Each structure stands twice: as C-alpha cells, then as structure tokens.
Amino acid sequence: MAHLSLRGVGKTYAGGTSAAVSGIDIEIADGEFIVLVGPSGCGKSTLLRMVAGLETISTGEVRIGDRVVNQLDPAERDIAMVFQNYALYPHMSVRDNMAYGLKNRGQSKAVIAERVAEAARMLELGPYLDRKPRALSGGQRQRVAMGRAIVRQPAAFLFDEPLSNLDAKLRVSMRMEIRKLQKRLGTTSLYVTHDQLEAMTLADRLVVLNGGRVEQIGAPLEIYRKPASTFVASFIGAPAMSLLDAHVEGGAITLEDHALARIGNPAGPVILGLRAEDIRIADHGIPMAVEHVEELGAQRIVHGTIGGQPLAVIDTGEAAVQDAVLVSIDPDRLHLFDTATGRRIEKHLHPTPEPAL
Amino acid sequence: MTDMTVRTRSADRALLLRLRAWYSAETPNPAKRVQFDRPLTPWLFLMPQLAVVVIFFYWPSVQAVTSSFYIEDPFGFGATFVGMENYTGAVTSSQYAGTAAFTAFFCIVVTALSLGLGLLLAVKADKVIRGASSYKTALISVYAIAPPVAGLIGMMFFDMHMGPIKDLAAFFGHDLRVGIDYWDTAGALVTISVWKQIPYNFIFFLSGLQAVPVSVREAALIDARSGWRRFRDVTLPLLAPTAFFLLVINITYAMFDTFPIFDVVLKDKPANNPMTLVYKVYLDGFKGNDIGGSSAQSVILMVVVAALTVMQFRFLERRVHYG
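Residue numbers (full-length UniProt numbering), protein chains in the order written: chain A, 1 to 357; chain B, 1 to 323.
Structure follows, in structure tokens:
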C-alpha cells in the first residue's frame, strides 16, 4: 500500500519527433482507484507502462511510496500488472501462474500456498487451480491474471484495459468485481481504459488524457458535470454532449435567434454544450427537426438538428416522436466553451456590474 | 438367349452407370467437401509425390532388405543366399562396434553443440534492436552453403599444410593432423558439421522466440528479476516444441546429412579415421564391393532410426508443451 506520484512525466520515443506523453502531474493517494481514460493513441497505456517499468521514462519522475523508481527494474518496483490479453504463462497451471512471482521473491512454500489459496477463494478459482490457462474461459483467465496480481500484495495494481477482451455482459460483472476487490484490499490502483462507462463506474478519480496531455482530473461526477473542455465534454457521457455554435448577445445566450438564458459574459461567439438529459421535448421552445430515434426501452434518444446543428435529446414519453418538435432547454444546465481554445467558460448567470477600481 | 444378352447388357450398363456415378459422385455432404468434386482427382495430384516415395524410398528399402540376406559376387555374377550371416558378421566385427560408438558420440556432440550455439545466437540476436536484420542475415547465410562445399571450406581451414587452424593449434603447442590423427579428424568433422547446422537451428529458435507473446515476456519481467530465471522458467518452456522438432532434425542431420562432409574430409585419407555408420555403409558397399554386408548394415541403421524416432516421440514429446 502506498501513494503514487507522477511529476512532469513525459515520453519521447527514439526517432519520434514529438512527445507521445508530456508533462503529466498526478498525485495518487494511498488506496485510491485512478482511471486513465482517453481515445486510442492518447498515451494512456504508455503512461501506465512507464509506471510499470516496461517503458523508459524520458522526463520527470515516478514515485511509488517514497522511492523514485525511474531506474528500477519492473520486478523491483513492487507493482503488479493485469494485461489486456491476460498474459498468463501458458505452460504453467493456474496455481503456478499465481505462485511464480512469489517464488522469485524467495517466499516460503507455506506463505505461497496460503496466499494462493486465499486469492483462489476470493476469485472463486478453487476448482481450477491445477488446470492450464488454455482450459479456462476468458473470464476465468482474467480472474487468474487478477489472482496473480493479488497474491503479490504489491504497493499498486496496474490494469491495462483488462476487460477489453471479454464480452459485454461479463465485462459489467467483472467491472463490479474489480471494484469490490480493490475496495476490500485497499490497494492503490491505476487503471487504463478507453471505455468511458468503465471509467465512470470504477474510478475514485478520473484522468482524461488527450494527445499525451492531461485534459482534466477529477471525480467522475465532477467531470461529468463540469467538463473542462469540449474534448472532455464529448468524450465522457453517452450520448455525447451536443456542442453547438451559439452567441452571447445583449446579456443573453442565443442559439439560432432564440434566447436561452440571461448571462453576464462578454458578447461574442461561444460553443454551447448541452447534455441530452437537460433538454426536453415540450409544447413550447425551439423547433428541432428530428432525424432518427434510438429506442432504448426505458427512454429513447432523439437525434435531430436545430438550424442545421446536430443535437441529441433524451425523451421518456410514450407517444411517437413527430418529424418536427419543440424542445426546451434547462437554462441552469448549459455549458459554455471558448470557440477558439475549447476550454470551459464559467458563466455568470446574473449580470454583474464591472467592479469599479 | 436373346433374353440373356439383354440381361447381361443391362447388367453391364448398370455397372458402368454405377462406376460413372462413383467417379463423378457429388459428395453427400457439400458442407464438408473441400475442393474436389471427383474422388479420383486428389489421387491424381498425389501421384508424383507417391511415385517419388515409392521409387526412391520403398523400392530401395525392399532391395536393401533382400540383398542383406545374400553374398553378392563383386562383379555382379549371381548371389548366394546366406541367411543372417551378413548381420552377425557386421555386428560382431570390432570395427563396426567402433564406428557405432563414434556415431553415437558424434551425434550427441554435434546435436548438443549446434542446438546450444543456435539457441545462444538466437537469444542474443532477438535482443538486438539496431541493425537486427544484418546480424540475422549474416548468421543465416551459412545455411545457403551446400554440405560438400562446407566440407571443402572446412578442409581448407583444417588443411595440414596451409590451414590457418593448424597454425592456431600450433600456437597452442598442438600438432594438428587432420586425416591422420583419429581425434584431430573427429574434432574437425564435429566443427564443420556444427558450423553448417547452426544457421538452421538459429532460424527456428529465432522464430520460436518471436512467437513468445510480448505481454507474457512483460509479465515475466514483473514477476522475476533475474533474466536467467525468466529465460529458464518462461521462455525455454515455450520454446520446447521448437527445440523438440530441432532435436529430431539435428540427430537425423548428424547421422545422415553429414555424409558429404565426411566424404570430402576422409576422401584420399588413410583408413583408420573416424566415420559414421552411414559413411561405413557407403565405403563397404561401393568401395569394398560388399553389397550384402553393407545392405545388412543399412537395414540395422533403419531399425535404429525407427527405434530412436519412437523413443523421441514417446518419452520426450510428453514433456513438451504445445501452446
């Protein structure tokens, strides 16, 4: 158990012109579950592998506990890693797969047997201990990979998209198991995924990465409610937040000539972010042309356009959706972003006078 | 009578129809039919290969077995049946026992050295990142040399009058006399044979190493600090299928395919030099004109190889893990 800290960590590959990852600062408290999330190629796996020691660190430093581990071998960093394709030793039984790391650490046979038995009980792997990995299903293999990490009792768990190879149903149940297990063991964890739903449900704190840089760090709900940029806004949440070109004019935010809310921000173009659940189909409001409807059972997602700009609306009604509807937008739940930089703009809902100097 | 003819005719017709139906039969389950719509077609394609096997393997084998029971006239005028005499003669001769012992020694040493060195080079080449392909090409290129040529090159190195290795040995105070001294010749034969076989093993070991999943290697990197342990516990077991295959191939190589090297090195040399059983079969049969005795020896060799193969597959393969 230990805290983990990344300070100014960056990676430039030999022969590469630009940095794959740069300037990453993350402080991870003891026992915290941190999820690194981002689209493919954003550098999240590279970052995890630098912590594991499988990639060299080009700049900055990584601390596990009180040790700077930049120059240490992976085996000396006191971490355990769970790989996407399980990476089990195919020629060893489940028992030996779990015990191998401990054997190399010079643990006594009694300790190894006890820890393997404990992990097997926790993961319900008891009946499979003498099987080879090829005789196991995908979910069972992933459990063995987890068991291999658990028995080591490391300072930190590193997960590299561990659920990506499982089918959708198994993924959901394994996700809950990983969370329960981590809570119970209280081991600091760093988890990489490209699945924003997985990220939201697992994390104590999320780190959203884009193009090798941290876009935003925060609790899942905080990030959902206050995305720091258009990138985060469109990446976190399903359906994605609709982003529309709008204007601040005459103390109000206007979308296609409809004033949505009074606002104190300076006049000019802005990007308006709207979550689908903050828009309702109503008998008054802004006209929207409906393009298609996704029926999800409990609710449906209505995709359409306002003045040619696409947006999604969640509708819980029973009646069939017409081709043209009126939508009303919750004025308190608008998100504004800078048109040029894409960064979030804090809105001043009530106009405040300029402070006199 | 007319009735009979008609009946026969119709029977013929029926047979013909059935034959034709059989030849052009649609396989009952089209889902399982792979490529051929006529059952004879695959045999047609197999013919050349079968012909080669029969003409160059089965037929000579049968010939060898038959002539091993005869003493043949050296000039081809008839043969006398002698039963097992050729076999007892071969097995009881002290020269044969010596050659057999040397063959075993030669097989073990050549197999062990060429496998070991091939593996060592493959492991090292696998780690090279910069200029990897030129290293690999350099290491593999020897494989392109034909065995007699390899023997010739080897002989130039070991030559008693101008070979550089002779000078090297002299520098260490050893008078190297390949072709005259039994163990000097053996050393030269082993060296040339191993040198020729290393690239073959290297290619297979390298591809075997590259087939070990990267993530499994990385998992091992996290689990074990010592590189030797990772190699012993993870890489080597995963290479076992490759190694087993190579073991069979290398023993076969040492026993049979080194013939051209022996031929080049031992030609025109005194008779007390080491040789393998295969070379002795050739010498006795074609130089000594003892067809019967040489046939008996080759039959013994055949039995030994069969036994060896069975042993390899029964005892060794069990310990091999296939992915």
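A virtual CB, placed ideally from N, CA and C, is assigned to each residue, including glycine. As the structure is a prediction and not an experimental result, all values here were calculated from the model.
Worksheet item: From the DSSP output, which residues share a beta bridge with residue 181 (chain B)?
Response: Within the DSSP secondary-structure output, residue 181 (chain B) pairs in a beta bridge with B:178.
Worksheet item: Between the C-alpha atoms of residue 179 (chain B) and residue 122 (chain B), what's the straight-line distance to the nearest angstrom?
Response: Cα to Cα, the separation comes out at about 33 angstroms.
Worksheet item: Does DSSP put residue 315 (chain B) in a helix, in a strand, or in coil?
Response: Under the three-state reduction of DSSP, residue 315 (chain B) is assigned to helix.
Worksheet item: Excluding the five sequence neighbours on either side, which residues of its own chain have a C-beta within less than 8 angstroms of the C-beta of residue 141 (chain A), listed in chain order?
Response: Hits under 8 angstroms: 86, 88, 133.
Worksheet item: Taking three-plus beta-carbon pairs below 8 angstroms as touching, is the segment 25-36 of chain A in contact with the segment 189-207 of chain A?
Response: Taking 8 angstroms as the limit for Cβ pairs, the verdict is that the segment 189-207 of chain A does touch the segment 25-36 of chain A.
Worksheet item: Three-state secondary structure (DSSP) at residue 127 (chain B)?
Response: Here DSSP, grouped into helix, strand and coil, assigns residue 127 (chain B) to helix.
Discussion item. Would you say residue 219 (chain B) lies against chain A (beta-carbon separation less than 7 angstroms)?
Written reply: Chain A contact via Cβ: present.
Worksheet item: So residue 10 (chain A) and residue 21 (chain A) are in contact, right, with Cβ under 8 angstroms, and what is the actual spacing, rounded?
Response: Between residue 10 (chain A) and residue 21 (chain A) the beta-carbon gap is near 6 angstroms, inside 8 angstroms, which marks them as a contact.
Discussion item. So for residue 80 (chain B), helix, strand or coil by DSSP?
Written reply: Look at residue 80 (chain B) here: in three-state DSSP terms it is strand.
Fill in: Alpha-carbon to alpha-carbon, residue 260 (chain A) and residue 328 (chain A)
Each residue's alpha carbon lies about 9 angstroms from the other.
Worksheet item: Going by C-alpha distance, which of A:114, A:215, A:70, A:301 is nearest residue 241 (chain A)?
Response: If we check each option's Cα against that of residue 241 (chain A), A:301 comes out closest.
Discussion item. Below 8 angstroms, how does it come out for the segment 62-76 of chain A and the segment 202-213 of chain B: are there three or more Cβ pairs, yes or no?
Written reply: Not touching, per the Cβ criterion.
Worksheet item: How long is the line joining the alpha carbons of residue 159 (chain B) and residue 96 (chain B), rounded to whole angstroms?
Response: Straight-line Cα distance between these residues: approximately 28 angstroms.
Worksheet item: Based on the DSSP secondary-structure assignment, which residues constitute the bridge partners of residue 172 (chain A)?
Response: Partner(s): none; residue 172 (chain A) has no beta bridge.
Fill in: As assigned by DSSP and simplified to three states, the class of residue 211 (chain B)
In this structure, residue 211 (chain B) counts as coil in the three-state DSSP scheme.
Item to complete: Kindly identify the DSSP beta-bridge partner or partners of residue 324 (chain A).
Response: Answer is A:289.
Practice prompt. Can you pull the chain B residues whose beta carbon is under 7 angstroms from the beta carbon of residue 247 (chain A), in chain order?
Written response: Under the 7 angstroms cutoff, chain B gives no residues; its nearest Cβ is about 51 angstroms from residue 247 (chain A).
Discussion item. Which same chain residues end up closer than 8 angstroms to residue 288 (chain B) when comparing Cβ atoms and leaving out the 5 residues on each side of it in sequence?
Written reply: When the five nearest sequence neighbours on each side are left out, the beta carbons in the same chain lying within less than 8 angstroms of the beta carbon of residue 288 (chain B) are those of 294, in order along the chain.
Discussion item. I need the DSSP call for residue 168 (chain B), collapsed to helix, strand or coil.
Written reply: The three-state reading of DSSP puts residue 168 (chain B) in helix, counting H, G and I together.
Worksheet entry | Own chain partners of residue 152 (chain A) with C-beta closer than 6 angstroms, once the 5 adjacent residues on each side are dropped | Answer for residue 152 (chain A): 80, 101, listed in chain order.
Worksheet entry | Length of the line joining the Cα atoms of residue 92 (chain B) and residue 203 (chain B) | As the crow flies, the alpha-carbon of residue 92 (chain B) is around 42 angstroms from that of residue 203 (chain B).
Worksheet item: Do residue 258 (chain A) and residue 279 (chain A) have their C-beta atoms closer together than 7 angstroms?
Response: Result no, Cβ atoms of residue 258 (chain A) and residue 279 (chain A) do not sit closer than 7 angstroms.
Item to complete: Return no unless some Cβ of chain B is closer than 7 angstroms to the Cβ of residue 101 (chain A).
Response: Closer than 7 angstroms to some Cβ of chain B, the Cβ of residue 101 (chain A) qualifies, so yes.
Worksheet item: Under 7 angstroms, do residue 43 (chain A) and residue 297 (chain A) count as touching if we go by C-beta distance?
Response: Contact: no.
Worksheet item: Of all Cβ atoms in chain A, is any one closer than 7 angstroms to the Cβ of residue 324 (chain B)?
Response: Nothing can be reported for residue 324 (chain B), as the shown portion of chain B is limited to 1 through 323.
Discussion item. So that I know if they touch, is there some Cβ in chain B lying closer than 7 angstroms to that of residue 352 (chain A)?
Written reply: Model confidence at residue 352 (chain A) stands at a pLDDT of 49, short of 50, so the residue's coordinates are unreliable and nothing is read from them.
Item to complete: Work out the CA separation of residue 243 (chain B) and residue 237 (chain B) for me, nearest whole Å.
Response: Each residue's Cα considered, the two are about 9 angstroms apart.
Discussion item. Counting only beta-carbon separations shorter than 7 angstroms, does residue 232 (chain B) have a partner in chain A?
Written reply: Closer than 7 angstroms: no.
Discussion item. If we define contact as Cβ-Cβ less than 7 angstroms, is residue 54 (chain A) a contact residue for chain B?
Written reply: Taking Cβ atoms only, chain B reaches closer than 7 angstroms to residue 54 (chain A), which makes this a yes.
Discussion item. Please tell me whether residue 278 (chain B) has its Cβ less than 7 angstroms away from any Cβ of chain A.
Written reply: It does not; no Cβ of chain A falls within 7 angstroms.
Worksheet item: In or out: residue 2 (chain B) buried (at least 16 other Cβ within 10 Å) or exposed?
Response: Reliability of the predicted coordinates at residue 2 (chain B) is poor, the pLDDT of 46 falling under 50, and no value is obtained from them.
Worksheet item: Which residues bound the alpha helix (DSSP H) around residue 81 (chain A)?
Response: In the DSSP assignment, residue 81 (chain A) falls outside any alpha helix (DSSP H) and lies within the beta strand (DSSP E) extending over 79-82.
Fill in: Residue-level contact to chain A via CB, residue 224 (chain B), 7 angstroms cutoff
Taking 7 angstroms as the CB threshold, residue 224 (chain B) lines the interface with chain A.
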